[in-house]
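Residue numbers (the working numbering), protein chains in the order written: chain A, 968 to 1274; chain B, 968 to 1274. Glycine included, C-beta positions come from ideal geometry on N, C-alpha and C. I have placed the structure first, in the form of structure tokens, so that the comments after it can refer back to it.
Number of protein chains: 2
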Amino acid sequence: MERNLNLEGSLHVSVVMALFSSLTPVFIAIICVLIGVILKKTNGEKEKHETKNKPVSRPWVDEDLKDGTDHPVEEEEVDEEWQGLDENVAHVPFFVERYSEAEMIKRSQAFYELLNKRRSVRFLSDEPVPREVIDNVIRTAGTSPSGAHTEPWTFVVVQDPDVKHKIREIVEEEEEINYKKRMGDKWVNDLKRLRTNWIKEYLDTAPYLILIFKQVYGRLPNGKKKTHYYNEISVSIACGILLAALQNAGLYTVTTTPLNCGPHLRALLRRPANEKLLLLLPVGYPKRDATVPVLTRKPLEDIMVVV
Amino acid sequence: MERNLNLEGSLHVSVVMALFSSLTPVFIAIICVLIGVILKKTNGEKEKHETKNKPVSRPWVDEDLKDGTDHPVEEEEVDEEWQGLDENVAHVPFFVERYSEAEMIKRSQAFYELLNKRRSVRFLSDEPVPREVIDNVIRTAGTSPSGAHTEPWTFVVVQDPDVKHKIREIVEEEEEINYKKRMGDKWVNDLKRLRTNWIKEYLDTAPYLILIFKQVYGRLPNGKKKTHYYNEISVSIACGILLAALQNAGLYTVTTTPLNCGPHLRALLRRPANEKLLLLLPVGYPKRDATVPVLTRKPLEDIMVVV
């Protein structure tokens, strides 16, 4: 650049130089400030960014993400009406038997008394249970409604002792990790208390383990993914019906959610990638010496509001 | 600054000036490049940031966030054993009546046949239903297990015709928005088909609307927030038991999830900020001319896997 200026004539140059030179300190000052501001701005954004995406400890979610079966967005889709599925389906008249009001009250009272006897039981005997009963309770769970009638559930019934024991090992190992993670918490100091959480004998002794998987998506005839709206709510509702069916049949269980073992158990049971473990129910009869914690349930006025 | 230099002596000044002046063009060039680089970097980060947080259409979630009742993290906490609540609770022996195996099979079969008659019914009559039956079915839902026995549910029973109509207006308004949002989709072109989704007459005609809220957190005696682990799964399970209780009593409903209306309905029903609408169940008798879509349920072999 200097060269060109020289070619054009030194007068020109000297004028320009003079102009620049007098301004130079100002230039530098301005530029320093300018750079300072820009750098500050950049960092500012970085910080904002970082605080925004502050990582939260989500062990099982991260595992599930590795497992490639986590589709939160799908569950957030708007689909107000579960029965708003394929509206081209033909409709047929629907007739139902009607009970008298007295009968309705009697039946609803009796059903409440039956289910109110249900307790989560962690001490299950190894007495055999007729498979036909298990088949019936799962058939019953299968009558549950589901988003757009996708029926997005798989009930894996484990009766093989070796597989049950492998499941126990996976679950207890996870519990040990949780235990160590929680070491800091004051309430964990009582080891004896914790062991009751950590040791899952019922996973060996219960004649059946029912592992309930939610199908987070399905496949269309053309092989494309088919979103299963509200699959977790649907499968949880089916589990509620399953719990009612077990109680009705005189069988007991404890509702466990080994979500952080999901991927391991899914692999062990060779379930496809679109299935995610929701609940694990050990099913059987209570042991003769079974105990349950002394718990009360909220009275009606605490759970019901009438408008 | 010039001034100070002058005071220190003009020789000094001229040297400095000369130095600067000769460098000025270089300075400017460097600084231009420097600024360019920094600005580019800033934008680059902005872009990355934007693509990372690419906004997904989540109408109800966004609303809920406004509503300040969305606590996804809480639901992701690890809590493998639902019964691992306060281990200091005393344990007592648990005795249960036992049915014969034949009786278990008979009972489980009968319960399946009863629940298999359940259908989601969208054409509900305005015939009154005994309140006592509603109380009993909600009592029954309240026997459901829940994470750490938090019982995180509130059942709002709406019988007031004005409130029912307000609910209908809110729900249908949301449906209209969904409708307009979906205008592009090919399957929406059939307006007649859509209307069956959009118009919710049952919200006026059903003698009761049961709105089930999940309590995403509770309050400890010290007033601090108490996380309700798995509150959505817990409340969904309770809804499954509620559906079984309704069917047992001869009452019908359709399971709807107006999640995007949650905040409006919560405000209308004056529920606290820790409660989020999960399901809305209109409850009553089917109309004499009620119809249901022709749907089949998956056979047992499609939902059960035995290991």
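Length of the line joining the Cα atoms of residue i and residue j
{"i": "E1199(A)", "j": "I1200(B)", "result": "7 Å"}
{"i": "P1249(B)", "j": "L1232(B)", "result": "14 Å"}
{"i": "D1127(B)", "j": "V1059(B)", "result": "44 Å"}
{"i": "D921(B)", "j": "K1131(B)", "result": "Examination of residue 921(B) is not possible in this model, given that chain B is present from 968 through 1274 alone."}
{"i": "V1104(A)", "j": "I1208(A)", "result": "9 Å"}
{"i": "H1195(A)", "j": "S1203(A)", "result": "14 Å"}
{"i": "E1142(A)", "j": "E1068(A)", "result": "50 Å"}
{"i": "D1093(A)", "j": "F1062(B)", "result": "16 Å"}
{"i": "A1240(B)", "j": "L1091(A)", "result": "40 Å"}
{"i": "P1253(A)", "j": "V1138(B)", "result": "46 Å"}
{"i": "K1073(A)", "j": "E1099(B)", "result": "10 Å"}
{"i": "R1089(A)", "j": "L1213(A)", "result": "15 Å"}
{"i": "L1081(B)", "j": "I1270(B)", "result": "19 Å"}
{"i": "T1263(B)", "j": "E1242(B)", "result": "35 Å"}
{"i": "T1223(B)", "j": "E1168(B)", "result": "14 Å"}
{"i": "H1016(B)", "j": "Y1184(B)", "result": "With a pLDDT of only 41 at H1016(B), under 50, the local geometry of the prediction cannot be trusted, and no value is derived from it."}
{"i": "E1136(B)", "j": "V1272(A)", "result": "21 Å"}
{"i": "F1122(A)", "j": "Y1197(B)", "result": "20 Å"}
{"i": "E1140(B)", "j": "L1218(B)", "result": "28 Å"}
{"i": "P1230(A)", "j": "Q1182(A)", "result": "14 Å"}
{"i": "R1085(B)", "j": "K1191(B)", "result": "42 Å"}
{"i": "D1129(A)", "j": "R1237(A)", "result": "15 Å"}
{"i": "L1187(A)", "j": "A1115(A)", "result": "14 Å"}
{"i": "A1216(A)", "j": "D1256(B)", "result": "35 Å"}
{"i": "T1172(A)", "j": "M1071(B)", "result": "20 Å"}
{"i": "V1274(B)", "j": "P1266(B)", "result": "18 Å"}
{"i": "N1189(B)", "j": "A1077(A)", "result": "39 Å"}
{"i": "K1193(A)", "j": "E1064(B)", "result": "45 Å"}
{"i": "I1166(A)", "j": "E1268(A)", "result": "37 Å"}
{"i": "I1177(B)", "j": "I1177(A)", "result": "31 Å"}
Where the alpha helix (DSSP H) containing residue i begins and where it ends
{"i": "V1259(B)", "result": "Not the alpha helix (DSSP H): V1259(B) falls in the beta strand (DSSP E), residues T1258 to P1260."}
{"i": "L1275(A)", "result": "Coverage of chain A is limited to positions 968 through 1274, which leaves residue 1275(A) absent and any answer about it impossible."}
{"i": "T1107(A)", "result": "R1098 to A1108"}
{"i": "R1074(B)", "result": "E1068 to N1083"}
Integer-rounded CB distance, given that residue j should sit under 8 Å from residue i
{"i": "P1260(A)", "j": "V1096(B)", "result": "Incorrect: roughly 36 Å between the Cβ atoms, too far for contact."}
{"i": "L1245(A)", "j": "F1180(A)", "result": "7 Å"}
{"i": "L1170(A)", "j": "I1144(A)", "result": "Their Cβ separation, rounded to whole angstroms, is 17 Å, which puts L1170(A) and I1144(A) out of contact at 8 Å."}
{"i": "Y1079(B)", "j": "R1106(A)", "result": "5 Å"}
{"i": "S1087(B)", "j": "V1221(B)", "result": "4 Å"}
{"i": "L1210(B)", "j": "P1225(B)", "result": "That pair is no contact at about 17 Å."}
Bounding residues of the beta strand (DSSP E) (the contiguous stretch that carries residue i)
{"i": "P1249(B)", "result": "E1242 to V1250"}
{"i": "I1208(A)", "result": "Counting along the chain, I1208(A) falls outside any beta strand (DSSP E), though it belongs to the alpha helix (DSSP H) covering N1198 to A1216."}
{"i": "K1265(B)", "result": "Element bounds for K1265(B): n/a, residue is neither H nor E."}
{"i": "Y1219(B)", "result": "Y1219(B) -> no beta strand (DSSP E), and no H or E assigned at all."}
Beta-bridge pairing of residue i - partner residues as DSSP gives them
{"i": "M1271(B)", "result": "F1122(A)"}
{"i": "P1225(A)", "result": "In DSSP, P1225(A) forms no bridge with anything."}
{"i": "H1058(A)", "result": "P1260(B)"}
{"i": "G1185(B)", "result": "K1193(B)"}
{"i": "I1179(A)", "result": "F1122(A) and L1246(A)"}
{"i": "L1091(B)", "result": "P1253(B)"}
Same chain, Cβ closer than 8 Å to residue i, five either side skipped, listed in chain order
{"i": "A1205(B)", "result": "A1108, G1109, S1111, S1113, W1120 and I1179"}
{"i": "Y1175(B)", "result": "V1096, I1101, V1124, V1125, Q1126, P1249, V1250 and G1251"}
{"i": "N1083(A)", "result": "R1264"}
Own chain partners of residue i with C-beta closer than 6 Å, once the 5 adjacent residues on each side are dropped
{"i": "T1117(A)", "result": "H1195"}
{"i": "C1228(A)", "result": "I1137, V1138 and E1141"}
Sequence-distant residues of the same chain with beta carbon closer than 7 Å to residue i, five excluded per side
{"i": "T1258(A)", "result": "F1090"}
Chain C within 8 Å of residue i, Cβ atoms only
{"i": "N1215(A)", "result": "Judged by its chain identifiers, the structure shown contains no chain C, and its protein chains are A and B."}
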